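There are 2 protein chains.
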Amino acid sequence: MTKQPRLADVAKAAGVSTATASMALNDTGGRRIGPETRERVRAAAAELGYRPNTVARGLRTRRTQMIGFVGDDVATTPFAGQMIRGAHDAAREAGFLLLMVDTSGDPAETEEAIGALQERQIDGILLATMYHQVVEVPDSIGSTPCVLLDARTPDGSASSVVPDERGGTLGVLAELTGAGHVRIGHITTREQVQARAVRLETWRERLRDCGIDPEPLLVEVERGTTQLGYEGALELLARPDRPTALFCFNDRMAMGVYRAAAELGLSIPDDLSVVSYDDQELIAPALHPGLTSAALPHYEMGRWAVVELLRRLDDPEAAPVQHLMPCPVARRHSVAKPH
Amino acid sequence: MTKQPRLADVAKAAGVSTATASMALNDTGGRRIGPETRERVRAAAAELGYRPNTVARGLRTRRTQMIGFVGDDVATTPFAGQMIRGAHDAAREAGFLLLMVDTSGDPAETEEAIGALQERQIDGILLATMYHQVVEVPDSIGSTPCVLLDARTPDGSASSVVPDERGGTLGVLAELTGAGHVRIGHITTREQVQARAVRLETWRERLRDCGIDPEPLLVEVERGTTQLGYEGALELLARPDRPTALFCFNDRMAMGVYRAAAELGLSIPDDLSVVSYDDQELIAPALHPGLTSAALPHYEMGRWAVVELLRRLDDPEAAPVQHLMPCPVARRHSVAKPH
DNA sequence: TTTCATCGGTTAATCGATTAACCACTTTGC
DNA sequence: GCAAAGTGGTTAATCGATTAACCGATGAAA
Chain A
2 MTKQPRLADV AKAAGVSTAT ASMALNDTGG RRIGPETRER VRAAAAELGY
52 RPNTVARGLR TRRTQMIGFV GDDVATTPFA GQMIRGAHDA AREAGFLLLM
102 VDTSGDPAET EEAIGALQER QIDGILLATM YHQVVEVPDS IGSTPCVLLD
152 ARTPDGSASS VVPDERGGTL GVLAELTGAG HVRIGHITTR EQVQARAVRL
202 ETWRERLRDC GIDPEPLLVE VERGTTQLGY EGALELLARP DRPTALFCFN
252 DRMAMGVYRA AAELGLSIPD DLSVVSYDDQ ELIAPALHPG LTSAALPHYE
302 MGRWAVVELL RRLDDPEAAP VQHLMPCPVA RRHSVAKPH
Chain B
2 MTKQPRLADV AKAAGVSTAT ASMALNDTGG RRIGPETRER VRAAAAELGY
52 RPNTVARGLR TRRTQMIGFV GDDVATTPFA GQMIRGAHDA AREAGFLLLM
102 VDTSGDPAET EEAIGALQER QIDGILLATM YHQVVEVPDS IGSTPCVLLD
152 ARTPDGSASS VVPDERGGTL GVLAELTGAG HVRIGHITTR EQVQARAVRL
202 ETWRERLRDC GIDPEPLLVE VERGTTQLGY EGALELLARP DRPTALFCFN
252 DRMAMGVYRA AAELGLSIPD DLSVVSYDDQ ELIAPALHPG LTSAALPHYE
302 MGRWAVVELL RRLDDPEAAP VQHLMPCPVA RRHSVAKPH
């Protein structure tokens with residue numbers, strides 16, 4: 002095996018200059034290149050198995066066709082995959098590749114990651130947090146085009162996409178009210194994430210609209226785990242005016258609710274309806290009966306963020322956009338009429 | 002704010018040539034650079050906020066400090082994250098970044114992905130399949146250094162790392178035999194993945210060693226889902242000489258087994274011990290009682306693969322290595338003595 | 001007949017680093 | 001006293017593309 006052919010090799014084989022070869026292969030330079038010359042160059046390139054060296058090209062054009070993806074926890078959350086996948090697919094379709102860095106949420110690491118990406122001359126950056134946080138874009142990002150993923154700035158100065166938590170909450174609550182429930186409990190975490198606040202407030206509003214005082218129907222636990230979901234449910238279901246339905250902060254807590262219900266001899270959905278948030282593929286469809294849950298649209302958010310980033314690459318003057326991505330309800334079998 | 006400073010700007014500010022500046026910043030060129038000059042250059046670089054342009058450097062040095070990660074399903078499997086994370090961490094520590102491509106398992110897409118990565122002059126490639134497959138390395142990889150992740154070649158011609166499925170299976174089975182079980186059922190999928198074959202055969206051997214005929218204790222279902230795990234368990238537990246313990250192909254099936262046991266009035270672990278494989282964080286610790294499961298060491302495999310790849314970059318002549326990564330048993334509360 | 005597009009290219013500069021080759025001046029060894 | 005070795009740099013070539021500027025024919029318009 003000899004070396005990879007360079008553009009100069011293709012040009013020589015086709016009997017033209019490298020300038021002509023470049024223009025023929027890239028369809029640039031307007032009408033300069035004769036159709037038959039173009040074919041000769043193409044044939045030579047194919048013959049030699051020529052692949053352009055994008056490092057050299059990038060040096061000249063100042064474009065690398067790479068996008069940096071900075072995540073605060075690429076791996077540890079099970080959603081990350083879908084977000085990356087959405088971004089990956091959209092990037093790929095436009096001829097871009099994703100350069101990934103994980104920062105474990107540490108601000109210093111984030112700065113460093115951004116620096117490492119900029120050294121590599123990425124064309125733009127996706128800044129992803131995993132739980133819909135409000136964040137400040139680091140200064141070090143400079144003038145690099147940037148889109149926030151599952152996060153937003155306090156002032157809307159950067160483009161961003163976040164899930165429509167309010168809409169999703171209203172969606173699953175509508176499943177319950179539609180079936181006739183009004184005494185709808187909520188079990189949530191005390192962790193201070195944006196998602197918690199919006200889901201909680203929306204639930205409160207909705208219950209007040211129905212003329213119900215939400216506070217006696219609320220349980221808060223330290224974290225959103227299965228075990229604490231179980232404990233919280235036991236407590237809530239032991240209260241005098243027990244709710245006929247439960248809205249859980251997430252699927253893991255819902256899994257705990259299922260166990261609590263089983264132990265108390267309550268059948269889901271006949272004695273207790275349950276809805277939840279996240280629609281995790283490993284949990285919601287696997288529970289029995291299948292859990293109705295508002296889906297976090299990670300794949301779509303990933304796609305949207307790349308499309309928006311590409312728009313900003315084309316037009317750096319474009320005004321930033323804040324997008325709310327709908328959370329569709331995955332309807333399964335955990336809701337029935339109250340009796 | 003003006004443009005990013007180049008090396009030439011740093012050199013000018015320090016009153017030296019770009020050659021000197023380069024050597025001072027990179028500690029190359031032996032003892033050529035005087036200590037005081039070096040300091041002057043460093044100070045100028047810091048002052049200007051100089052960051053090297055790695056595209057230009059890469060063109061000259063033919064090294065991009067980037068590794069291609071080709072996965073057949075980066076996102077859809079929940080393990081992927083840990084594998085990526087392991088690779089990412091090891092790469093980062095060595096100053097490398099990961100360029101990710103997902104191929105959905107399509108061979109044509111894989112070829113294309115490899116091509117796209119090679120155009121970008123990545124230094125090496127990680128080829129990952131998600132379920133421990135035996136694969137042929139595509140020809141198009143040419144002489145690009147390459148390590149297989151959770152996959153191996155039929156002939157051992159490439160370096161690879163796969164989980165020690167046999168060891169893991171023996172590990173969880175030892176939990177059962179150690180507690181006194183001998184009638185150990187196995188419930189598995191019919192999908193033809195490497196993992197299935199090894200786990201199944203190891204279980205068969207182990208039972209024969211105990212003087213037990215495995216076949217009446219085996220159930221196979223179409224796929225490794227919770228629902229089919231449930232159905233399989235119902236069938237197996239209804240047989241005359243019901244096993245006292247169950248080894249499940251994966252955690253999702255085990256989740257179905259838990260439901261079947263509950264419906265049959267069998268308490269885990271008192272009436273039925275259960276062990277499994279995969280140790281998925283969303284399932285094994287969340288079930289009640291916690292599920293004892295052999296962990297797939299995805300993080301460690303990811304790390305190992307990068308370390309091996311870096312070794313091959315240093316020494317392209319190095320002989321390929323096939324590595325078996327141990328699967329430690331995550332011991333929880335699903336095993337008790339039989340009565 | 002002169003002028004001036006148009007066609008189909010070529011030449012050479014350029015992107016921002018690294019590095020081989022060279023250079024002037026001391027110091028050291030014998 | 002003179003060659004060899006060491007010090008501390010500089011000059012210029014190079015990596016492999018893209019692209020602005022130029023150029024020689026040819027044909028048409030004035």
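These protein sequence lines map, in sequence, to chains A and B.
Count along the first sequence starting at 1, add 1, and that's the number in my numbering.
Count along the second sequence starting at 1, add 1, and that's the number in my numbering.
Positions of the beta carbon are idealized from the N, C-alpha and C atoms, including for glycine.
As the structure is a prediction and not an experimental result, all values here were calculated from the model.
A direct Cα-Cα distance of roughly 15 Å separates Leu128(A) from Pro155(A).
Among the residues facing chain B, Pro53(A) is included, as its CB has a counterpart in that chain under 8 Å away.
Of Leu218(A), Ala262(A) and Glu223(A), the smallest CA-CA separation from Pro241(A) is found for Leu218(A). About 4 Å separates the Cβ atoms of Val75(B) and Asp103(B), confirming a contact at the 8 Å cut-off. Distance from the CA of Arg32(B) to the CA of Ser23(B), rounded to the nearest whole angstrom, comes to 14 Å. For Ile85(B), there are no CB contacts under 6 Å within the same chain when 5 residues up- and downstream are skipped. Close partners of Gly116(A) in chain B (Cβ separation under 7 Å): Arg52. Annotation: Pro298(A) to Phe80(A) spans about 9 Å, alpha carbon to alpha carbon. With a 10 Å radius around the Cβ and a threshold of 16 neighbouring Cβ atoms, Ser161(A) comes out buried. The C-beta of Thr170(A) comes no closer than 8 Å to any C-beta of chain B. At least one C-beta of chain B is nearer than 8 Å to the C-beta of Glu120(A).
The beta carbons of Pro270(A) and Ile185(A) sit about 13 Å from each other, so the pair does not count as a contact at 8 Å. For Thr38(B), the uninterrupted alpha helix (DSSP H) segment begins and ends at Pro36 to Leu49. In the structure shown, Leu149(A) falls within a strand segment according to DSSP collapsed to helix, strand and coil. Taking 8 Å as the CB threshold, Pro79(B) lines the interface with chain A.
Around the C-beta of Gln281(A), 16 or more other C-beta atoms lie within 10 Å, and the residue is accordingly described as buried. Contact of Arg86(A) with chain B by beta-carbon distance below 8 Å involves Val75, Ala76, Thr77 and Asp103.
Cβ-Cβ distances below 7 Å link Gly169(A) to Tyr278, Ala295 and Cys328 in the same chain, with the five nearest sequence neighbours on each side left out; the list follows chain order. Contact between Gly82(B) and Met302(B) does not hold, since the beta-carbon distance rounds to 13 Å and is not under 8 Å.
Closer than 7 Å at the C-beta level to chain A, one finds these residues of the region 248-259 of chain B: Arg253 and Met256. Approximately 24 Å separates the beta-carbon atoms of Asp252(A) and Ala306(A); this is outside 8 Å, ruling out the contact. Proximity of the region 249-265 of chain A to the region 226-233 of chain A meets the contact definition, three or more beta-carbon pairs being nearer than 8 Å.
Residue range Thr227 to Leu238 is occupied by the alpha helix (DSSP H) that includes Gly233(B). His187(A) has a beta carbon lying at 8 Å or more from every beta carbon in chain B. DSSP, read as helix, strand or coil, puts His89(A) in helix. Here the alpha carbons of Leu283(B) and Ala262(B) stand approximately 20 Å from one another. Secondary structure note for Glu221(B): its beta strand (DSSP E) is the uninterrupted segment Leu219 to Val222. In terms of CA proximity to Gln5(B), Asn54(B) leads the group Asn54(B), Met256(B) and Gly69(B). Counting only runs of at least 4 residues, the region 282-311 of chain B fully encloses no alpha helix (DSSP H) element at all. When secondary structure is reduced to three states using DSSP, Ile126(A) falls in the strand class.
Between Ala46(A) and Val11(A), the C-beta spacing is below 8 Å. When C-alpha distances from Val275(B) are compared across Gly72(B), Gly16(B), Tyr259(B) and Asp315(B), the shortest belongs to Tyr259(B). As the crow flies, the alpha-carbon of Gly59(B) is around 14 Å from that of Gly96(B). In the DSSP assignment, Asp210(B) falls within the alpha helix (DSSP H) that extends over Gln195 to Asp210. For Ile115(A), the uninterrupted alpha helix (DSSP H) segment begins and ends at Pro108 to Glu120. Beta-bridge annotation (DSSP): Ile68(B) is paired with Leu99(B) and Gly125(B).
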